Amino acid sequence: MRVKFKKDLKTGKFYEEQALKLIQKKYPQAYIKDGYYKEWDIYIPELNMGIEVKSDAQHKSTGNYFLEYYCRNKASGISTTKSEYFFIYLDELYIIKTDTLSDIFLKYKGTNKDKIGGDDKKSLGIIIPLKELKYETR
C-alpha cells in the first residue's frame, strides 16, 4: 500500500507540474499549493482562482473517470474543493468547470454509478463515462 501511495503521489505531482506549466503561459504568478490542501492544487493569483488537478489510472480499463467525494470517513474531492476548474489528465487533458462536475455528481449520486473505489476501497465516488466528460469539455 505504501509503495502504491508513493507512486500515486509522484504521478499526481507530475500532472500538477504539467498543469502549472500550461497555466503559467498566460498567468505567470500561478503556483502549486504544497502539502495537503483540499480546496485546490494550483492557485492563480491573477484571477483569484483555484484549480484541481486529477487523473485516474483505471480509466483505460473501465472507460470511466472516478470522481471521488468521500475518502476514509471524510468528505473529499468534489465535496470539498473550492476550485473553479478541474484539469483531468487521462489519455488527453479534460478541462471542466467544477460546477459542471458538481451537476454530474448530483445527477449520479445514489444511482448505480455511485461506487466504492480508490486505494484500499476506502473511497466513494461517481463513475463518469469518458464520453460524457468529453462532451462537457467541448
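Under the working numbering, the letters of the sequence shown match residues 9 to 146, in that order.
Virtual Cβ for every residue (Gly too), placed ideally from N, Cα, C.
Small disclaimer: the values here were computed from a predicted structure and weren't measured.
Put simply, of T89, T108, K139 and K18 the residue whose alpha carbon is nearest the alpha carbon of W48 is T89. In the structure shown, the three-state DSSP call for Y45 is coil. Residues N72, Y73, L75 and I112 of the same chain have their beta carbon placed closer than 7 angstroms to that of I136, with the five preceding and five following residues left out of the count.
Rounded to the nearest whole angstrom, the C-alpha separation of K117 and H67 is 19 angstroms. Boundaries of the alpha helix (DSSP H) harbouring K142: L138 to E144, taken from the DSSP string. For Y102, the uninterrupted beta strand (DSSP E) run begins and ends at L101 to K105, by DSSP. Contact between L141 and I103 fails: their C-beta atoms lie close to 10 angstroms from each other, not under 8 angstroms. Excluding sequence positions up to five before and after T145, its CB lies within less than 8 angstroms of the CB of Y102, I103 and I104, all in the same chain and listed in chain order.
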